[in-house]
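Asks: In UniProt numbering, the protein residues as written are 1 to 471.
Cβ atoms here follow ideal geometry from the backbone N, Cα and C, with glycine treated the same way.
Nothing here was measured: the structure is a model prediction, and the numbers come from that model.
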């Protein structure tokens with residue numbers, strides 16, 4: 001009866017976690033929509049301001065064109081004026097701004113009035129095409145009477161399609177053209193936010209799902225012979241682990257319930273006050289980047305690293321097997337240093353693997369990586385690699401900024417290829433399973449339904465530690 005209640009409680013806890021996650025997702029979408037609304041309102045206000053500026057500039061533009069039209073009409077209405085209107089698509093008058101057009105027209109008319117025999121040719125492509133007059137020509141004018149057409153405002157009759165290209169070369173109208181182009185983009189084109197805004201506004205996209213058997217290009221793949229030679233002679237702690245030893249948890253719940261820091265390879269389980277567990281070290285590797293890890297709970301495996309945190313220590317091993325954010329408890333493991341990767345094994349790796357490991361050694365600041373960089377730099381400078389020199393160089397590298405280091409990834413790759421340095425191999429040996437941890441995880445509702453049922457009987461080991469082993 002109590003077991004059924006526990007199962008119902010576990011399911012209710014999972015459902016509650018799903019509801020909380022769904023609520024957080026809707027809150028996030030609501031905040032994104034609010035930000036998008038505020039940005040849209042801001043763009044609309046700026047567009048309205050630009051429209052008002054354009055209207056004021058267009059009014060000034062109309063006034064200037066009316067002045068030019070009145071000046072031309074006044075000059076043509078003179079009794080002695082001899083004016084010939086010539087239609088031209090490449091009108092010189094249209095290549096100038098209104099102020100320049102007025103000035104050019106005054107110069108042309110004054111020169112025409114001074115030199116009477118030469119007729120004045122005014123390029124007026126902006127004037128409307130009017131049918132020839134039906135009344136006979138007057139004695140005071142040329143054979144074509146242009147007064148009725150000139151008195152009309154030329155700007156009003158000019159189509160926008162034929163007028164716009166004529167002012168593109170004018171410098172004085174740059175502000176007007178810039179505002180017109182800006183307004184056109186504001187109204188017609190969709191506003192694309194900057195890259196930083198896109199990250200804030202766009203919904204979180206899921207990462208591509210990578211098949212379980214597909215290794216990353218930067219994954220260190222050791223030879224099968226090397227793996228077999230290092231773990232085949234070590235006897236297994238248990239050949240067939242019970243199914244209840246295989247409990248699966250999420251990283252988020254490990255953080256909330258046990259305080260395991262996210263996105264770290266090594267951490268510490270920090271149980272609450274009501275838990276009977278003790279604080280202990282936990283390792284959380286991924287098989288995607290460490291293919292030589294134990295194949296199943298209770299099996300032995302290899303870890304390629306330069307950190308010695310797990311060497312000689314007993315850690316709780318949680319392994320991420322696939323692409324889902326689920327971590328499987330493999331048992332209690334002890335790390336044993338069993339050698340280094342030979343230069344030939346490192347040479348056979350892909351270039352991405354070499355570059356990835358060189359970059360990792362270059363940026364890490366733990367003592368193990370600092371000692372490697374110190375030895376490489378001493379050899380590069382022609383100094384002897386002694387303990388005192390390595391210690392002094394490590395102290396210097398600790399205080400040196402990353403951009404001031406005179407080492408590069410090429411130097412580290414050369415040292416690994418030549419065999420001067422090598423990646424260390426740590427054998428992970430299973431020494432037992434923590435029954436208390438499995439029970440505590442089960443009480444928290446993190447246990448999968450596929451492993452429901454009574455726990456096996458606890459058997460005391462030779463060491464007397466009845467919390468680490470059960471068969």
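1. Sorted by chain position, which residues of the same chain lie with C-beta nearer than 7 Å to residue 8's C-beta, five sequence neighbours on each side aside?
2. Could you compute how far the alpha carbon of residue 6 sits from the alpha carbon of residue 439?
3. Taking all protein chains shown into account, decide if residue 328 is buried (16 or more other Cβ within 10 angstroms of its Cβ) or exposed.
4. Beta-carbon separation of residue 413 and residue 358 under 7 Å?
5. Considering just the uninterrupted stretch of the beta strand (DSSP E) at residue 268, what are its terminal residues?
6. Would the region 257–270 count as touching the region 279–292 if we require 3 or more Cβ pairs under 8 Å?
7. With a threshold of 6 Å on Cβ separation, who are the neighbours of residue 385 within its own chain once the five nearest residues in sequence on each side are excluded?
8. Taking the alpha carbon of residue 230 as the reference point, which residue from 306, 248, 270 and 335 has its own alpha carbon closest?
9. DSSP on residue 442, reduced to helix/strand/coil?
10. According to DSSP, which residues form a beta bridge with residue 391?
11. Would you call the region 414–424 in contact with the region 338–347, where contact means no fewer than 3 C-beta pairs closer than 8 Å?
12. Residue 404 to residue 297, Cα distance in whole Å?
13. Rounded to a whole number of angstroms, what is the C-alpha to C-alpha distance between residue 344 and residue 259?
14. Closest to residue 304 by C-alpha separation, out of 365, 221, 366 and 326, would be which residue?
15. For the candidate residues 65, 332 and 41, whose alpha-carbon lies nearest to that of residue 429?
16. Any idea if residue 233 is buried or exposed, counting beta-carbon neighbours within 10 angstroms, 16 or more meaning buried?
17. Beta-carbon within less than 7 Å of residue 251's beta-carbon, same chain only, minus the 5 sequence neighbours each way: which residues are those?
18. Using only the alpha-carbon positions, how far apart do residue 10 and residue 434 sit?
19. So, for residue 361: in the same chain, excluding its five sequence neighbours on each side, which residues have a beta-carbon less than 8 Å away from its beta-carbon?
20. For residue 65, name the three-state secondary structure that DSSP assigns.
21. Nearest to residue 223 by CA position, among 366, 349 and 365, is which residue?
22. Which residues does DSSP list as the beta-bridge partners of residue 430?
23. For the beta strand (DSSP E) holding residue 316, just list the boundary residues, first then last.
24. When we look at the beta-carbon of residue 418 and count the other beta-carbons within 10 Å, is it buried (16 or more) or exposed?
25. For the alpha helix (DSSP H) that residue 415 lies in, which residues bound it at each end?
26. Buried or exposed for residue 3, going by 16 or more other Cβ atoms inside 10 Å?
27. Could you check the C-alpha separation between residue 61 and residue 55 for me, to the nearest Å?
28. Pull up the distance between the alpha-carbon of residue 94 and that of residue 72, whole angstroms please.
Replies: Here's the rundown:
1. Around residue 8: no qualifying Cβ.
2. Rounded to whole angstroms, the gap between the alpha carbons of residue 6 and residue 439 is 12 Å.
3. Counting the other CB atoms within 10 Å of its CB gives residue 328 a total of 16 or more, which places it among the buried residues.
4. Yes; because the gap between Cβ atoms is below 7 Å, this pair is in contact.
5. Counted as a single uninterrupted DSSP element, the beta strand (DSSP E) harbouring residue 268 occupies residues 266–269.
6. Touching, yes.
7. The residues are 375 and 378.
8. Closest by alpha carbon: 335.
9. Helix, per DSSP.
10. Beta-bridge pairing links residue 391 to no other residue.
11. Remark: three or more beta-carbon pairs, one from each stretch, lie closer than 8 Å, so the region 414–424 and the region 338–347 are flagged as touching.
12. Roughly 45 Å between the two C-alpha positions.
13. Approximately 41 Å between the Cα atoms of the pair.
14. Comparing C-alpha distances from residue 304 to each of 365, 221, 366 and 326 shows the shortest one belongs to 221.
15. In this structure, 332 is the residue among 65, 332 and 41 with its C-alpha nearest to the C-alpha of residue 429.
16. Exposed, by the Cβ-count rule.
17. Closer than 7 Å at Cβ, skipping near neighbours: 262, 325 and 327.
18. When rounded, the distance between both Cα atoms is 20 Å.
19. The beta carbon of residue 361 lies closer than 8 Å to those of 306, 369, 372, 373 and 412 in the same chain, with the five residues before and after it left out.
20. Note: residue 65 maps to helix in three-state DSSP.
21. Among 366, 349 and 365, the Cα nearest to that of residue 223 belongs to 349.
22. By DSSP's assignment, residue 430 forms a beta bridge with 333.
23. Note, residue 316: beta strand (DSSP E), 314–319.
24. Exposed.
25. Residues 409–418.
26. Exposure of residue 3 is indicated by the presence of fewer than 16 other C-beta atoms within 10 angstroms of its C-beta.
27. Residue 61 and residue 55: Cα-Cα distance of roughly 10 Å.
28. Caution applies to residue 94, whose pLDDT of 49 falls short of 50 and renders its modelled position unreliable; the value that the coordinates give is listed next. Going from the Cα of residue 94 to the Cα of residue 72 covers about 14 Å.
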